[in-house]
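Have a look at the structure below, then the notes.
In the numbering used here, the protein residues as written are 58 to 147.
If you want it as structure tokens, here you go:
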């Protein structure tokens, strides 16, 4: 994600809100909003935001899994499937 072409001052956001919504929705490129020369906001479309949130959730699950593995908190797949088979036929 590069912001090099999508950097606008807050005054642009105030005066071009409808155009910004249209452009970001179509391009799915986020826009960086500055105030007094400092980056303050990132404006993005909802679909991109949802995808980003889904990706972060998956990464968190993977990190938790890796932590469990590093702390030896896991079971062999064969044992899990054997237990499932016992439940189905028990």
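Built from N, CA and C at the ideal position, the CB exists for glycine as well. None of these values were measured; they are calculated from a predicted model.
With a cut-off of 8 Å on Cβ pairs, the region 97 to 110 is in contact with the region 68 to 88, counting three or more such pairs. With respect to residue 90, residue 67 sits close: the two C-beta atoms are nearer than 8 Å. DSSP places residue 121 in the helix class (H, G or I) of the three-state scheme. Residue 109 carries a helical assignment under DSSP once its states are collapsed to helix, strand and coil.
Put simply, the backbone Cα of residue 77 is about 30 Å away from that of residue 115. Per DSSP, reduced to three states, the secondary structure at residue 95 is strand.
The C-alpha of residue 95 lies about 11 Å from the C-alpha of residue 64.
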